[in-house]
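In this note's numbering, the protein residues as written are 81 to 642. Cβ coordinates follow ideal geometry from the N, Cα and C atoms, glycine included. Just so we're clear, the structure is a prediction, and the values are computed from it rather than from any experiment.
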């Protein structure tokens with residue numbers, strides 16, 4: 081049938097055919113009924129006049145073969161089949177129209193998004209004198225004729241842009257109630273050259289076929305095939321498709337031939353689809369760069385392991401947590417950034433809290449997965465104070481000891497990096513680097529980076545230390561205690577160090593090495609003083625009950641008030 085046929089005319093033709101067939105079927109049924117009635121009346125009259133015919137007819141009917149279907153029944157069956165064909169064709173045509181309409185809408189939306197993003201980028205290049213002359217008014221209306229008017233103007237944004245096609249296929253073993261199931265899904269994301277997401281789609285893959293589980297490579301290739309087909313449907317002419325699997329990249333670039341026949345077949349399909357574009361090239365990226373497609377692929381996985389169940393709020397989607405095996409509402413499941421493995425909030429809460437109490441960072445509980453849990457995203461199930469404490473600990477561990485600085489304001493004590501607080505102070509204080517003045521990034525309190533005290537205006541650090549040898553009473557108590565206990569202060573980070581046992585060669589946690597007896601620096605693992613390196617009392621200890629391993633050096637540090 082000609083694709084240019086008017087849909088309204090087609091619907092009219094189909095309706096007329098259906099009406100004529102129904103009328104013919106009804107007329108045929110009426111004629112058949114009248115014929116049967118006339119035959120019954122004739123047979124009854126004949127048998128009443130000659131009763132001997134009744135016995136002979138009954139005996140012959142027992143010996144005769146079963147009658148063939150009447151001609152009317154065949155006509156009735158033919159009419160029924162014709163009606164079914166007409167209805168099926170009408171349904172297929174409606175589905176085709178719906179699909180075409182959806183794709184046209186998707187293409188229109190794609191063009192519009194690209195137009196808007198181009199317009200936003202062009203706004204940044206508008207000269208300042210334009211705004212002064214015309215005011216805050218600048219427009220470029222989108223016109224659908226840009227991409228669908230004629231062949232000469234068909235250089236629409238979709239066709240001229242070299243778009244980015246991200247594809248990701250996943251195969252995962254999940255739990256649905258009491259069963260372990262293998263599910264697979266594909267995710268496709270189309271982005272503009274500036275990596276702005278403009279289209280995404282997902283597809284459920286057949287994870288098990290004839291008892292064989294779909295391999296990860298095959299799932300990745302099926303995702304690429306799905307992405308290229310979507311791009312062709314959207315009339316894209318130039319694309320670069322990205323994957324994060326090294327061997328897969330070797331396959332699609334024909335550098336390595338796959339050993340598996342199914343994988344080889346899928347690679348050939350990818351090559352055939354590439355030829356349908358004006359430009360189509362693969363590219364290898366890291367997993368973090370393929371985040372859009374990974375997210376959509378994971379959604380395809382989740383859609384296959386959820387089910388509807390009754391709850392207090394009516395019908396809700398349920399999912400099984402693979403840690404506690406409990407059926408949990410999908411809204412109560414937590415998805416880890418990066419790998420997108422999902423667990424219930426209760427199990428994740430216990431996991432993060434235990435890791436925090438042991439002084440460790442929380443990673444994904446999935447076996448073999450090393451993705452770190454983003455603490456900011458844990459606010460869904462952790463108390464705000466705990467999130468703040470964990471974030472503070474992570475920040476402390478990320479800043480080198482020599483670069484740490486604490487706000488001296490007793491009501492603040494915020495931890496900062498010396499570099500970041502210097503850059504922050506430069507915006508409000510002239511010659512901050514030369515004078516040593518710093519401004520707290522949390523409470524905006526000015527202090528001296530050298531003296532660790534409130535900023536002393538019109539006074540150098542030397543003069544301030546002479547006039548205030550102990551700016552805090554606690555410092556004097558600490559110094560007297562250090563003198564009594566024979567503690568040594570690191571000259572680099574000012575932390576107090578106590579020698580519990582071991583030699584006199586001290587390595588501070590900031591990395592500075594010095595002699596515990598006189599404080600002289602060690603250079604290249606050699607002492608620069610003539611002090612004794614060790615004392616027998618600090619090396620050998622009497623332990624009659626049970627021998628303990630001798631620890632060479634365990635300096636204990638006391639942080640001086642900052």
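Just how far apart, CA to CA, sit residue i and residue j?
i	j	result
residue 639	residue 576	Confidence at residue 639 is low in this model, with a pLDDT of 43, below 50, so the placement of that residue should be treated as unreliable; the coordinate-derived value is given next. In a straight line, the C-alpha of residue 639 is about 6 Å away from that of residue 576.
residue 616	residue 594	20 Å
residue 250	residue 320	21 Å
residue 512	residue 522	18 Å
residue 254	residue 344	28 Å
residue 294	residue 502	55 Å
residue 520	residue 554	22 Å
residue 607	residue 471	40 Å
residue 643	residue 562	A question about residue 643 goes unanswered here, because the residues of the chain that appear run from 81 up to 642.
residue 550	residue 556	6 Å
residue 358	residue 317	5 Å
residue 407	residue 436	27 Å
residue 604	residue 543	36 Å
residue 339	residue 333	15 Å
residue 290	residue 261	15 Å
residue 545	residue 538	14 Å
residue 356	residue 386	38 Å
residue 584	residue 565	15 Å
residue 229	residue 185	Since pLDDT at residue 229 reaches only 43, below the 50 mark, its modelled position is unreliable, and the value read off the structure follows with that caveat. Between residue 229 and residue 185, the C-alpha separation is close to 16 Å.
residue 99	residue 120	32 Å
residue 462	residue 447	23 Å
residue 481	residue 311	52 Å
residue 634	residue 579	Residue placement at residue 634 cannot be trusted, given a pLDDT of 41 that sits under 50; what the coordinates show is reported in the next sentence. Spanning the two alpha carbons is a distance of roughly 7 Å.
residue 174	residue 342	35 Å
residue 292	residue 280	29 Å
Measuring alpha carbon to alpha carbon, tell me which of the options ends up nearest residue i.
i	options	result
residue 287	456, 299, 499	299
residue 268	408, 253, 243	243
residue 613	264, 354, 581	581
residue 247	456, 374, 440, 438	374
residue 597	611, 500, 316	611
residue 541	174, 590, 515	515
residue 285	279, 274, 305, 271	305
residue 412	296, 273, 460	460
residue 297	409, 572, 266	266
residue 275	256, 204, 370	370
residue 263	280, 272, 377, 330	377
residue 313	188, 534, 342, 124	188
residue 381	469, 355, 422	422
residue 252	204, 368, 383, 469	383
residue 590	573, 599, 578, 600	573
residue 425	315, 464, 409	409
residue 257	405, 124, 174	405
residue 428	477, 439, 458	458
Taking 7 Å as the cut-off, is the beta-carbon of residue i closer than that to any non-hydrogen atom of the ligand GTP?
i	result
residue 412	This structure lacks the ligand GTP, and indeed carries no ligand of any kind.
Less than 6 Å between C-beta atoms, sequence neighbours within five positions excluded: which residues of the same chain meet that for residue i?
i	result
residue 372	246, 269, 277
residue 493	486, 487
residue 509	517
residue 271	244, 277
residue 535	517, 526, 527, 528
residue 588	570
Below 8 Å on the Cβ atoms is my guess for residue i versus residue j; work out the distance and round it to an integer in Å.
i	j	result
residue 609	residue 592	Their Cβ separation, rounded to whole angstroms, is 15 Å, which puts residue 609 and residue 592 out of contact at 8 Å.
residue 484	residue 495	7 Å
residue 452	residue 443	6 Å
residue 379	residue 282	6 Å
Going by beta carbon distance, what residues of the same chain come within less than 8 Å of residue i, once the five residues before and after it are set aside?
i	result
residue 497	479, 483, 484, 485
residue 92	none
residue 500	521
residue 466	433, 436
residue 309	353
residue 388	395, 396, 397, 398
Below 7 Å CB to CB, which residues in the same chain sit around residue i once its five sequence neighbours on both sides are set aside?
i	result
residue 307	245, 247, 268, 321
residue 330	336
residue 475	495
residue 445	403, 423, 431
residue 454	417
residue 560	none
Does chain D have any CB closer than 8 Å to the CB of residue i?
i	result
residue 521	Going by chain labels, chain D is absent from the structure shown, which holds only one protein chain.
Quick check: the region 394-406 against the region 333-351, are there 3 or more CB pairs under 8 Å?
Not touching, per the Cβ criterion.
Within 8 Å, do at least three Cβ pairs link the region 299-317 to the region 410-419?
When C-beta atoms of the region 410-419 are compared with those of the region 299-317, fewer than three pairs fall below 8 Å, so the two segments do not count as touching.
Would you call the region 489-498 and the region 523-531 in contact, with 3 or more CB pairs under 8 Å?
Yes, the region 489-498 touches the region 523-531.
On the three-pair Cβ rule with 8 Å, is the region 324-340 touching the region 353-364?
Enough Cβ pairs lie closer than 8 Å, so yes.
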